[in-house]
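Going letter by letter, the sequence shown gives residues 127 to 570 in our numbering.
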Amino acid sequence: MDQTLLYLPFLVFLPIFFIFLKKICFPPLKQGRLPPGPRPWPILGNIPHIGKKLHISLTNIAKVHGPLISLRLGNQLVIVASSSKAAIEILKYNDRLLSARSVPKAVPRKSHVLERISLVWNPTCNEQWKSFRALCRTELFSAKAVESRASLRENKMTEMVEYLSSKEGEEVNIGEVVFATVFNTISNLLFSKDLISLQNQGLKSFLWKMMELGAAPNVADFYPTFAELDPQGIRRAISECLKEMFGIWEIYIKERRERHANAHNVFSTDFLDVFLSNGLDDDQINWLVMELFSAGVDTTTTTVEWAIAELLKNKQAMKTIQQELERDINRNPIQESQVCQLQYLNACVKETLRLHPPAPLMIPHCSTEACELMNFTVPKNTRVLVNVWAIGRDPFIWEDSELFKPDRFLDSGLDFKSQNFDFLPFGSGRRICPGLPMAKGNFH
Numbered sequence: 127m128d129q130t131l132l133y134l135p136f137l138v139f140l141p142i143f144f145i146f147l148k149k150i151c152f153p154p155l156k157q158g159r160l161p162p163g164p165r166p167w168p169i170l171g172n173i174p175h176i177g178k179k180l181h182i183s184l185t186n187i188a189k190v191h192g193p194l195i196s197l198r199l200g201n202q203l204v205i206v207a208s209s210s211k212a213a214i215e216i217l218k219y220n221d222r223l224l225s226a227r228s229v230p231k232a233v234p235r236k237s238h239v240l241e242r243i244s245l246v247w248n249p250t251c252n253e254q255w256k257s258f259r260a261l262c263r264t265e266l267f268s269a270k271a272v273e274s275r276a277s278l279r280e281n282k283m284t285e286m287v288e289y290l291s292s293k294e295g296e297e298v299n300i301g302e303v304v305f306a307t308v309f310n311t312i313s314n315l316l317f318s319k320d321l322i323s324l325q326n327q328g329l330k331s332f333l334w335k336m337m338e339l340g341a342a343p344n345v346a347d348f349y350p351t352f353a354e355l356d357p358q359g360i361r362r363a364i365s366e367c368l369k370e371m372f373g374i375w376e377i378y379i380k381e382r383r384e385r386h387a388n389a390h391n392v393f394s395t396d397f398l399d400v401f402l403s404n405g406l407d408d409d410q411i412n413w414l415v416m417e418l419f420s421a422g423v424d425t426t427t428t429t430v431e432w433a434i435a436e437l438l439k440n441k442q443a444m445k446t447i448q449q450e451l452e453r454d455i456n457r458n459p460i461q462e463s464q465v466c467q468l469q470y471l472n473a474c475v476k477e478t479l480r481l482h483p484p485a486p487l488m489i490p491h492c493s494t495e496a497c498e499l500m501n502f503t504v505p506k507n508t509r510v511l512v513n514v515w516a517i518g519r520d521p522f523i524w525e526d527s528e529l530f531k532p533d534r535f536l537d538s539g540l541d542f543k544s545q546n547f548d549f550l551p552f553g554s555g556r557r558i559c560p561g562l563p564m565a566k567g568n569f570h
């Protein structure tokens, strides 16, 4: 009798604990008919269905459940589009309702701060975000601005070719060389100076570590209740990387700000001059510089590496591109205007981006209101992903979808801003990559 009384509080508490746990892990949603998906596990949701490569796992799930699926990752509802038809519903027909940004818990800034300083991770399309986009469109990445800086990109390409020539007969890590070239191209656009060398790439470690941490699975994203605890220490580690990176270029910002303060008229020669002339403060400049480095360096380096790998595997494509270069460029100095006119090279770039998009999953969108997609309901504040990798390998769109066949782009009319949503390496809609005009030149 006495022993039974001892267990009575535990027996009363246990059901209450499980009810609380259910509410934490699976909060109720005011929802209609969700897209189909695999049945979630208790507490974990669909996490056990996800492998190391998220985009491939999501593609395989879509093959079973359809082009628009819903998943429970921990206690977070996620909608994933894996076809061009589903993508057009998100990025065109419902672009206004789905253009908010779902910010990972690893980002070491609060939402209200990001609304003031960030372009990529601004949670909303507010007035500050529109101002940054306008700056990109009119001063940083306009056709005139991109063309005016062509000589800089040509010089950096020449430096890389000369460096590789000096290493003839030696083993070279082409990824590191491309990384340094692209990084210094961007650093010269920003500050008019190299920040690393082909031989010494110290700054690379901070940027690379930050991107690796940002891509790592984070418990706090699956269970936001624990976000403030930062259980894996990812947010703290990223914050340290940012501190180191900001410290490297803050001296240049300070010097240039003093120059602007002491001069009546300052001619804009680089992005930093543009930022200062438009009244951006140090926090905004630091964050935008970091976003430009992160987006520009990683995407270009990854694409060039994949292009080289595909050409080495496809001897005929390699031969065709060599013939085109010998015919149209020969041994003349490299000029960007000529390179962009090389049709087969352009087709190879597009085919590489189709098979190996630098962002296999678009940066997460978020629904500001409940909406309908393909006759399914997307509740408010739901994370929405577009699987660009799956669309690029969809056999219903692409013949021999797994093969590297640049010829498919020679007469296709598909470009980087394709409106049929079969080819989306840079996204679409309000959140399309603002640096697209410059990125095309960097890839070539």
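Where a beta carbon is used, it is the ideal one built from N, C-alpha and C, also for glycine.
- The distance from the Cβ of residue 560 to that of residue 275 is about 16 Å, inconsistent with a contact at the 8 Å cut-off.
- In the three-state DSSP reduction, residue 264 falls in the helix class (H, G or I).
- Sequence-distant partners of residue 503 (beyond 5 residues in either direction) whose C-beta falls short of 7 Å from its own C-beta, in its chain, are 157, 158, 159, 160, 496.
- Put simply, the backbone Cα of residue 383 is about 16 Å away from that of residue 374.
- Restricting attention to alpha helix (DSSP H) runs no shorter than 4 residues, the segment 465–512 encloses them at 469–481, ordered along the chain.
- Residue burial is scored here from C-beta neighbours: residue 210 has at least 16 other C-beta atoms within 10 angstroms and is therefore classed as buried.
- Boundaries of the beta strand (DSSP E) around residue 196: 194–199.
- Pairing residue 399 with residue 265, the inter-Cα distance amounts to about 11 Å.
- The beta carbon of residue 564 sits closer than 7 Å to those of 267, 272, all from its chain and outside the five residues before and after it, given in chain order.
- Taking residue 536 as reference, the option from 443, 279, 310 with the minimal CA-CA separation is 443.
- Between residue 227 and residue 462, the gap from beta carbon to beta carbon reaches 8 Å or more.
- Note that the segment 161–171 touches the segment 198–206; at least 3 beta-carbon pairs, one per stretch, sit closer than 8 Å.
- The Cβ atoms of residue 361 and residue 232 lie closer than 8 Å to each other.
- Taking 8 Å as the cut-off, the Cβ atoms of residue 342 and residue 322 do not count as close.
- Going by DSSP, residue 205 is part of the beta strand (DSSP E) stretching over 202–207.
- If the five residues before and after residue 177 are omitted, its C-beta is found closer than 8 Å to the C-beta atoms of 183, all from its own chain and listed in chain order.
- Proximity to residue 432 across 476, 445, 459 peaks at 476, based on C-alpha coordinates.
- Every unbroken stretch of the alpha helix (DSSP H) spanning 4 or more residues and falling wholly within the segment 272–334 is given here in chain order: 276–292, 300–317.
- Between residue 516 and residue 284, the beta carbon gap of about 38 Å keeps them out of contact (Cβ cut-off 8 Å).
- DSSP, read as helix, strand or coil, puts residue 163 in coil.
- The straight-line gap separating the alpha-carbon atoms of residue 513 and residue 175 is approximately 16 Å.
- With respect to residue 436, residue 530 sits close: the two C-beta atoms are nearer than 8 Å.
- With 16 or more other Cβ atoms from the protein chains shown falling within 10 Å of its own Cβ, residue 478 counts as buried.
- Following the DSSP letters along the chain, one finds residue 348 inside the alpha helix (DSSP H) bounded by residues 345–348.
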